[in-house]
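Q: Quick note: the sequence shown uses UniProt numbering, first residue 1, plus one each step. The beta-carbon is built from N, C-alpha and C at its ideal position, and this holds for glycine as well. If you're wondering where the values come from, they're calculated on a predicted model, not measured in any experiment.
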Amino acid sequence: MLDEIQPLDWVDLSLTLDQGLTTGDLEGEVAKLTQAIAQQDRPSAFDLCRRGALQKKLGRLNQALEDLNAAISLEPYLLDAYWHRHSIYLLRNNQNSALDDLNFIIKHTKKHADAFKSKAEIYRVRGETTLAIINYTQAIKCRPEDDDNYFKRAEMYEKRNEILLAMEDYAKTFTINPGRTDALLTHGLQYFHSCNWMVALSDFTLLLQRDPSHAIAR
């Protein structure tokens, strides 16, 4: 079904612009790269990749994909190009091609946390919970301080009714990032509903310390 979706040619990616950079800044950089590429006897794969990434930020998916494909043709192991291309495939709902690019990245660099996380997100959307958990776990191994991976793995454990594992991950999320009161609330509510009053009370008390106006904790 996904292959039947019409490909996007342009999207509004203004919210993804680098902090402090304007559309004009990116347009200027694209122009510089275009001039540099035109002066090269053999186009630089790195320049093409950079321009493709900028075109993607500007929402020009066709031009971005053309540059990234050209970069990969010139430098088949330029992993950044695969990374940017996979994100375009995702914007076009072409998950299988995105997975192919992610698998290529992982094959050639075993500790690419973002690639594992992106794979996990694809499987999460597909409802393939076990594969999502496997890839979140790999992402955690690569980047153990990323609280979001624990939180999302916890949600997957809940879907499989593996509540103890989910609670461990929610607790870990809050330990790493005390600002994740959503993890603390979920942890507390689970123990409240299972009548483990002491743990629930401890969680809600801590939550109220963080947010005195929190209606559920009160």
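Quick one: Cα of residue 77 to Cα of residue 111, how far?
A: 16 angstroms
Q: Within its chain, find whatever has a CB closer than 7 angstroms to the CB of residue 220; leave out the 5 residues flanking it on each side and keep chain order.
A: Only positions 1 to 218 of the chain appear in this structure, which leaves residue 220 out of reach.
Q: State buried or exposed for residue 167, treating a residue as buried only when at least 16 other CB atoms are found within 10 Å of its CB.
A: Its Cβ being crowded by 16 or more others within 10 Å, residue 167 is buried.
Q: State the Cα-Cα distance for the pair residue 199 and residue 190, rounded to the nearest angstrom.
A: About 10 angstroms.
Q: Give me the Cα-Cα distance between residue 24 and residue 106, rounded to the nearest whole angstrom.
A: Residue 24 and residue 106: Cα-Cα distance of roughly 34 angstroms.
Q: Where does residue 126 land, buried or exposed, given buried means 16+ other C-beta within 10 angstroms?
A: exposed
Q: Compare the Cα-Cα distances from residue 208 to each of 61, 137, 193 and 181 and report the closest residue.
A: 181
Q: Provide the residue span of the alpha helix (DSSP H) that contains residue 119, from first to last.
A: Its alpha helix (DSSP H) spans residues 113-126.
Q: Following the continuous alpha helix (DSSP H) through residue 189, name the residue where it begins and the one where it ends.
A: Its alpha helix (DSSP H) spans residues 181-193.
Q: What residue range is occupied by the uninterrupted alpha helix (DSSP H) comprising residue 157?
A: 147-159
Q: Which of the three DSSP states, helix, strand or coil, is assigned to residue 162?
A: Note: residue 162 maps to coil in three-state DSSP.
Q: Report the three-state DSSP secondary structure of residue 200 (helix, strand or coil).
A: helix
Q: Label residue 7 either buried or exposed according to how many other C-beta atoms from any shown protein chain fall within 10 Å of its C-beta, with 16 as the threshold for buried.
A: Bear in mind that the predicted position of residue 7 carries a pLDDT of just 42, short of 50, making it too unreliable to give a figure here.
Q: Could you name the residues of the same chain whose beta carbon sits closer than 7 angstroms to that of residue 138, not counting the 5 residues immediately before and after it, in chain order?
A: 116
Q: Keeping to the same chain, check which residues put their C-beta closer than 7 angstroms to that of residue 30; ignore five residues upstream and five downstream.
A: 51, 54 and 55
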